[in-house]
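Notes follow once the structure below has been shown.
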Amino acid sequence: MLKIAVLVSGGGTNLQALINASKKGEIVNGEIALVISSNPDAFALERANRAGIPSKILIRKQYASMRKYDDALIELLKQFQIDLVVLAGFMTIISDRVIRTYCYRIINIHPSLIPAFSGEGFYGLHVHKAALDRGVKVTGATVHFVNEICDGGPIILQESVAVMEDDTPETLQKRVMEEVEWKLLPKAVSLFCQGKLEIHNERVIIKTNV
Ligand code: GAR
0 MLKIAVLVSG
10 GGTNLQALIN
20 ASKKGEIVNG
30 EIALVISSNP
40 DAFALERANR
50 AGIPSKILIR
60 KQYASMRKYD
70 DALIELLKQF
80 QIDLVVLAGF
90 MTIISDRVIR
100 TYCYRIINIH
110 PSLIPAFSGE
120 GFYGLHVHKA
130 ALDRGVKVTG
140 ATVHFVNEIC
150 DGGPIILQES
160 VAVMEDDTPE
170 TLQKRVMEEV
180 EWKLLPKAVS
190 LFCQGKLEIH
200 NERVIIKTNV
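Just so we're aligned, residue 0 is where the sequence shown starts under numbering that gives the first Met the number 0, counting upward by one.
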């Protein structure tokens with residue numbers, strides 16, 4: 000059984016999707032062993048608590064340097080023997096050192112079809128506002144491995160959602176979450192835990208015959 004840490008900052012609906020999938024046995028060979036929040040008031044912490052999952056709060060500003068913060072994060076992940084780190088709406092930048100320590104063992108959910116509306120400054124509602132401002136007719140969500148390039152790591156799964164003429168950033172965010180994010184993230188996590196994701200030339204191959 001692989002041990003999963005879910006890193007959160009806000010409402011934690013993606014964490015909830017993982018918890019629900021786990022309860023239904025849909026995360027094959029994986030268990031959520033730890034939730035780490037960058038925000039002490041995140042509702043995600045309440046969700047972890049209700050599900051009986053240990054949680055920790057790690058606030059970047061409380062550490063004198065990025066290095067000290069990284070040390071604390073890596074120490075925590077090691078202490079809980081974490082195999083897979085899932086960024087589920089985590090709003091603190093993960094440093095290259097942490098990324099190298101957990102090379103191809105960190106995955107992120109992003110609320111657009113990468114490479115559209117991704118990279119620095121594109122997070123949460125900003126992503127959906129940018130999509131509406133550009134007038135795209137289709138958007139979606141992407142689950143990808145995290146590498147040193149912001150939102151630039153190998154793509155694991157993507158799925159699209161139609162944009163409606165009367166969408167606001169809020170209605171679009173809700174539909175992208177409900178129709179795609181809450182399905183795609185548990186699916187990608189389960190594939191990882193079963194050893195079905197391989198990376199060749201920075202591209203993910205999903206092995207279907209194992
Ligand atoms: C989700 O829509 C997720 O895709 C997005 O933040 C939201 C978190 O919601 N992540 C990013 O924008 C990362 N760049 P949640 O706390 O309810 O899961």
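The C-beta atom is built at its ideal place from N, Cα and C for all residues, glycine as well.
Is any non-hydrogen atom of the ligand GAR found closer than 8 angstroms to the C-beta of Asn208, if you look at the structure I gave you? Every heavy atom of the ligand GAR is 8 angstroms or more from the Cβ of Asn208, so no.
Residue environment, Val216, which counts as buried when at least 16 other CB atoms sit within 10 Å: As shown, the chain starts at 0 and ends at 209. That puts residue 216 outside it, with no answer to give.
State the CB to CB distance for the pair Gln61 and Leu112, rounded to an integer number of angstroms; the pair is presumed to be in contact (CB under 8 angstroms). At roughly 36 angstroms, the Cβ-Cβ gap does not stay under 8 angstroms, so Gln61 and Leu112 are not in contact.
If you measure from the CB of Val175, is any heavy atom of the ligand GAR nearer than 8 angstroms? Yes.
Which residues in the same chain as Lys206 place their Cβ atom closer than 7 angstroms to its Cβ, once the five residues preceding and following it in sequence are excluded? Here Lys206 has Lys195 and Glu197 as same chain residues with Cβ atoms under 7 angstroms from its own Cβ, once five neighbours each way along the sequence are excluded.
My assumption, with CB atoms under 8 angstroms, is that Gly254 sits in contact with Met65. Please give the rounded CB distance. Because the chain in this structure spans residues 0 to 209, residue 254 falls outside the shown range and cannot be described.
Alpha carbon to alpha carbon, what distance is there between Tyr68 and Glu180? Looking at the two C-alpha atoms, the distance is approximately 29 angstroms.
Who are the Cβ neighbours of Leu6 in its own chain at under 6 angstroms, not counting the five residues just before and after it? Cβ neighbours of Leu6 beyond the five flanking positions: Ile35, Leu86 and Phe89.
Coarse secondary structure for Glu169, derived from DSSP in three states: When DSSP states are grouped into helix, strand and coil, Glu169 belongs to the helix group.
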